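Numbering (UniProt numbering), first residue to last: 1 to 112.
(1) Please state whether DSSP places residue 94 in a helix, a strand or coil.
(2) How many Å lie between residue 36 and residue 78 at the Cα?
(3) Between residue 83 and residue 51, is the Cβ-Cβ spacing less than 8 Å?
(4) Can we say the region 90 to 104 touches the region 62 to 80, given the rule of at least three CB pairs closer than 8 Å?
(5) Using C-beta distances below 6 Å, list every residue in its chain close to residue 103, excluding the 5 sequence neighbours before and after it, in chain order.
(6) The beta strand (DSSP E) with residue 14 in it runs from where to where?
(7) For residue 68, which beta-bridge partners are listed by DSSP?
(8) Whose C-alpha, out of 26, 27, 61, 31, is nearest the C-alpha of residue 42?
(9) For residue 51, which of helix, strand or coil comes out of DSSP?
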């Protein structure tokens with residue numbers, strides 16, 4: 001099953017997503033979520049740890065995992081979240097087996 005277009009306006013900005021769920025018993029699932037002009041910590045309300053950034057910006061989340069009956073989801077989930085705020089600060093966090101590693105904040109501004 002594929003979800004090719006899903007979008008939602010937030011208090012600020014827009015979120016757009018795509019997803020797919022396989023027909024296999026593992027029900028391998030892939031999700032891609034992009035946010036433009038959204039609060040960079042918008043995913044915190046859905047369980048992602050608070051980012052070390054503030055303000056509005058752009059986010060990109062990709063994640064995959066297996067949705068099986070009677071099997072915990074968390075150990076199967078891996079993904080990556082990249083966020084850039086209006087001050088050009090950015091962070092990338094990685095999830096492996098449902099555990100998020102904290103990323104270091106860097107600047108997207110060129111070094112002079």
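For each residue, glycine too, the CB sits at the ideal point set by N, CA and C.
Since this is a predicted model, take the numbers as computed values, not measurements.
Short version:
(1) DSSP places residue 94 in strand when its eight states are reduced to three.
(2) Spanning the two alpha carbons is a distance of roughly 23 Å.
(3) In contact: residue 83 and residue 51 (Cβ atoms closer than 8 Å).
(4) They touch, by the three-pair rule.
(5) Excluding positions up to five away in sequence, the list reads 91, 92, 93.
(6) Per DSSP, the unbroken beta strand (DSSP E) holding residue 14 starts and ends at 14 to 21.
(7) Partner(s): none; residue 68 has no beta bridge.
(8) Residue 61 is the option with its Cα nearest to residue 42.
(9) Coil at residue 51, not helix or strand.
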